[in-house]
Amino acid sequence: MAAGELEHRISHDASPVSAARTLLQERQQADAAAFEQGADIRALVKARSDTVDTVLFHIWNRYPLARSNNVALIAVGGYGRGELHPYSDIDLLILTRTGTAPEWRDDLGAFITLLWDLKLDIGHSVRSIDESTDAARGDITILTNLLETRTIAGPDDLRRELSELAFSDEISTDREYFIAKRAEQEERHTKYSNTEYNLEPNIKGAPGALRDIQTIGWITKRHFGLHSTADLTQFSVLTEDEHQVLRTGETLLWRLRYGLQLLAKRNENRLLFDYQRGLANMLGYQDEGDRLGVELMMQSYYRAVLALAELTDVILQHYDEAILGSGQKDVIQPINNRFQIRNHYIEAINNQVFAYAPFAIMELFVLMAQNPAIRGIRATTIRSLRAHRHLIDDAFRSNLAVTSLFMELLRTPDKLDQTLVTMKKYSVLGRYLPEFGRIIGQMQHDLFHIYTVDAHTMGVIRNMVRLHNATSSEDYPLASRLIHRLPKLETLFIAGLYHDVAKGRGGDHSELGAIDAEAFCKRHHLSDRDTQLASWLVENHLLMSMTAQRKDISDPHIIHEFARAVLSQAHLDYLYILTVCDISATNPKLWNTWRASLLRQLYVETERALRRGTDTRIDRQEWVNATQSEARAILRAQHFSDAQIDNLWNTVDEDYFLQDSTIDIAWQTAAIIRHGDDADPLVLIRDTRGGPTDGYSQIIIYMKNRTASFAATTAVLEQLNLNIVHARISSSDGPWSINSYVVLDDHGQPLGIDPDRKERVRSRLIEELDDPEDYPDIIHRRTPRQLKHFAFPTEVLLSNDRFNLRTVLEVITPDRPGLLARIGQVLLEHRVRLTTAKIATLGERVEDVFFVTDENGNALCDPAACQALQDDLCKTLDNIR
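Residues 790 to 1670 in the numbering used here are what the sequence shown lists, from first letter to last.
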């Protein structure tokens, strides 16, 4: 139907809803098709606003009140700017000259009801000019909306009068408005953790996003009394280049927001995983090698908001000086011939400093790191820096003065993390280290790596710096002690900078990063010894975490092999600190008390192995005999006889004495002897703490030997919302079994913080495990929304442990409720005995390792049986919903 005919029907039909809906739908469908064909986003946003204008204008004029000179329909806020995305809010002000006339009330009610019938996302208010100004005085959001108004229908003089008041000091002074908007922005940034790099960013409210652009516009409008910010350059607020950055960034964000709302079919501003892949495809982002199209789209977003955040800093600092600093005397503190501090901000003596002394670009940041009184860089110097950072080329990178300054920066740890973040923000770090520049804004589309690679790297450096603080001893007791004995901190910082620098290139990022780290060290004139150490750390930065989480570190052979790979005590110290800082900066949920205890155990055992010497032969039986001897001494002191002890120990295999401390073995043995022949399961729960943050809860279950015990126990523990991180299942042939589970609560803490819960766990396990007939069905909890977008086929890997004559079964699969119980059931059906399990959930990805044997306690060796086990596990786990 022709637009003119629809508009006529909106004005004259008894019910205009059908015609108005048709017009809105037809225009939106046409705009959506144009968007997917790459049409100008600014034209589309304006077109949506024009369409709504048309509908509202014709509906408004249906009512008698439209003929009054004392009431007008006003667009405010984003709609007032003429900016509407497909499902954006439509903010309206029905403005009256002095008040609402009684005869208008029915018309106003009918008008608003009709808009609701159209299912438009309308926000409206009915106020007189005086009521509007009173509301604006008490609410900065209302005042801001009144700075952006358009008359849709009715006399425009009402809007002009209100607008003049909104821009006057009668409602808010320039100073008051700036302070309020800056505080509003700081509060909003805090809500988003002051980072541009959220996994599912809000493209309207996050730092560097659309609201920051709008904040610049609002402050500028209020400061200059503008009704439009079409050309800010005429007021020397923005340079031509800055204006281009603003426009380019806004255009990208508008395209993302427009496409996002089309996909969501609602006013959605969160770039959720639900829409990221679809949006990337809609915007034409294609996979490139190992990089997914969605990752390339998100990198474009992150780089845009980083540039916009830099621009926001410059402009707000400009206004800080122009509005808050107006009339105040500057406090200037000279530093050297090139720099001085003005009102706590460092600035170049003149704008040509970087031109005649390019090394001053690096000197600027060294001075910032060394002077705690400096709060930031002055806006004029940021602009000069931007104008001259093209000078950072190969000659600059090889300049001895520059490389010496950068090494001086790495030897200034107190503010190193903040300084490097500032260098990254102002596009200096990525230019000076091009290999680092390539990972800025680079994300990995999963739930494990919740930060971009550059943000994660800055987090690693921040963790290293924090280890010097006294408070870090509570969270990282061993690392905070070790860092003070490292001979050269800069080697650690270099490893932190380069450990992930080769992500996304294809190939092994550890090996490629080690090559880059070596080149960096040579360019910065480090000794061969330091160069080799830094390169070794980058190449092996995953060695300690993978060993602790995927191998049986109670096995002396594993410790021996790891010690041989580590080479020396110094290598071990550096690697431990790097590992702790890396894990903690990858994902806040990844660092928990269990991982802390694993790494500490691996460190301590490796330290002992290095003291013994890595050439010393490991005698397994000698280790077992020593453990038994120490545990027996403890039990004898508690008046247990050798006969009682041997009666129990003769029913367990030697592995039992490799995997627990002598104190734990004595504790368990004493409790089991006291339990006697009671048929009910014995459940022991004990919290273990090696430090304030490396505790966990250990659950020991002594019960009749039943083949389905693993599946049943994991089912119960999952019902109790406990996270199982480790399991050891007795492989004894006797009538009783001693099974051990290490668990944490949802916050990664042991159960000791809630004694009542510990007792509930113990009682529930006894109740459920006393009779196999009572084993409950697994409770199927709904798979979390985010996990649904990361489905991938299960992968099962089998390999044999030549030292311990057992098979290592690795299961890589998406995380879902009931997973461990299903695995246990499949192992049971294939007559495979489980001895130990190491559980690792990495975001949406589970990487569990199970140590298994056949019924006779030997490694699995039948190829057909192994293939059948792999196939059954994959089929079973992939069918979990």
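Quick reminder that beta carbons are idealized off the backbone N, C-alpha and C, glycines included.
When the Cα atoms are used, what is the spatial distance from residue i to residue j?
i: Val1242; j: Ala1053; result: 28 Å
i: Arg1570; j: Gln1538; result: Residue confidence for Arg1570 is low, a pLDDT of 45 falling below 50, so the modelled location carries little weight and cannot support an answer.
i: Ser1418; j: Thr1503; result: 33 Å
i: Ile1568; j: Arg1553; result: Confidence at Ile1568 is low in this model, with a pLDDT of 37, below 50, so its placement is unreliable and no value can be given for it.
i: Asp1651; j: Ala1516; result: 26 Å
i: Ile992; j: Ala998; result: 5 Å
i: Ala1291; j: Thr930; result: 45 Å
i: His874; j: Met1071; result: 16 Å
i: Ala890; j: Trp1043; result: 41 Å
i: Ser1316; j: Trp1380; result: 34 Å
i: Lys1010; j: Asp958; result: 14 Å
i: Asp919; j: Arg1055; result: 35 Å
i: Thr1368; j: Ser1334; result: 7 Å
i: Asp906; j: Leu1068; result: 30 Å
i: Leu1275; j: Asp1643; result: 47 Å
i: Thr1336; j: Leu1361; result: 13 Å
i: Asp1466; j: Asp1431; result: 18 Å
i: Ile968; j: Thr962; result: 10 Å
i: Arg798; j: His847; result: 9 Å
i: Pro1603; j: Ile1612; result: 13 Å
i: Val1184; j: Phe1148; result: Just to set this straight, residue 1184 is Ala in the shown sequence, not Val. If I take the Cα positions, the gap works out to 11 Å.
i: Asn1645; j: Ala1657; result: 19 Å
i: Leu1100; j: Gln1033; result: 11 Å
i: Asp1020; j: Met1087; result: Per-residue confidence for Asp1020 stands at a pLDDT of 49, beneath the threshold of 50, marking its modelled position as unreliable; the derived number appears in the next sentence. Roughly 29 Å between the two C-alpha positions.
Where do the ends of the alpha helix (DSSP H) carrying residue i lie?
i: Ile893; result: Sequence check: residue 893 is Trp here, not Ile. From DSSP, Trp893 is part of no alpha helix (DSSP H); its letter is neither H nor E.
i: Asp1535; result: Neither: Asp1535 is in no alpha helix (DSSP H) and is coded neither H nor E.
i: Lys1214; result: 1205-1214
i: Phe824; result: 806-825
i: Glu1084; result: 1082-1108
i: Arg1385; result: For the record, residue 1385 in the displayed sequence is Ala; it is not Arg. Element bounds for Ala1385: 1382-1401.
i: Pro1345; result: 1345-1355
i: Gln1231; result: Note, Gln1231: premise wrong, no alpha helix (DSSP H); not H, not E.
i: Gln1410; result: 1409-1426
Take residue i and list the residues in its own chain whose beta-carbon comes closer than 7 Å to its own, dropping the five residues that flank it on each side.
i: Leu1594; result: Asn1647, Ala1648
i: Ala1422; result: none
i: Glu989; result: Arg1059, Leu1060, Leu1061, Phe1062
i: Gly898; result: none
Below 8 Å CB to CB, which residues in the same chain sit around residue i once its five sequence neighbours on both sides are set aside?
i: Ile1527; result: Val1441, Tyr1445, Gln1457, Ile1461, Ile1489, Ile1490, Tyr1491, Ser1519, Ser1521
i: Ala1093; result: Gly997, Thr1037, Gly1038, Leu1041, Leu1042
What does residue i pair with, by DSSP beta-bridge criteria?
i: His1515; result: Val1531, Lys1627
i: Asn991; result: Arg1059
i: Gly912; result: Asp880
i: Tyr1134; result: Arg1131, Gly1165
i: Val1600; result: Val1585, Asp1637
i: Trp1525; result: Lys1493
i: Ile968; result: Per DSSP, none; premise fails for Ile968.
Using CA atoms only, rank isn't needed, just tell me which of the options is closest to residue i.
i: Val841; options: Asp1467, Tyr1365, Ser857, Gln814; result: Gln814
i: Tyr1145; options: Val1155, Ala1162, Ser1173; result: Ser1173
i: Gln1003; options: Glu1136, Gly1038, His1107, Glu1443; result: Gly1038
i: Arg810; options: Arg948, Val844, Asn1056; result: Val844
i: Glu1618; options: Ser1316, His1464, Cys1655; result: Cys1655
i: Gly1285; options: Leu1473, Leu1447, Trp1325; result: Trp1325
i: Thr1246; options: Gly1219, Arg1425, Ser1261, Asp820; result: Gly1219
i: Leu1322; options: Ile1250, Lys1277, His1133; result: Lys1277
i: Asn1160; options: Gly1402, Arg1425, Ile1130; result: Ile1130
i: Leu1364; options: Val1327, Asp1305, Arg1255; result: Val1327
i: Asp895; options: Val1191, Leu854, His1107, Arg971; result: Leu854
i: Glu1599; options: Ala1610, Val1585, Asp1590, Leu1609; result: Val1585
Could you spell out where the beta strand (DSSP E) holding residue i opens and where it closes?
i: Lys1547; result: Per DSSP, Lys1547 belongs to no beta strand (DSSP E); it is in the alpha helix (DSSP H), 1544-1558.
i: Asp1590; result: 1584-1590
i: Ile1181; result: No beta strand (DSSP E) contains Ile1181, which DSSP labels as neither H nor E.
i: Tyr1491; result: 1484-1493
i: Gln1129; result: 1128-1131
i: Asp1637; result: 1634-1642
i: Val865; result: 860-865
Within a Cβ cutoff of 6 Å, which residues of the same chain sit near residue i, ignoring the five residues on either side of it in sequence?
i: Thr979; result: none
i: Gln1106; result: Ala1168
Is residue i close to the ligand HEM? I mean its beta-carbon at under 8 Å from any heavy atom of the ligand.
i: Lys980; result: The model on display carries no ligand, and the ligand HEM is accordingly not part of it.
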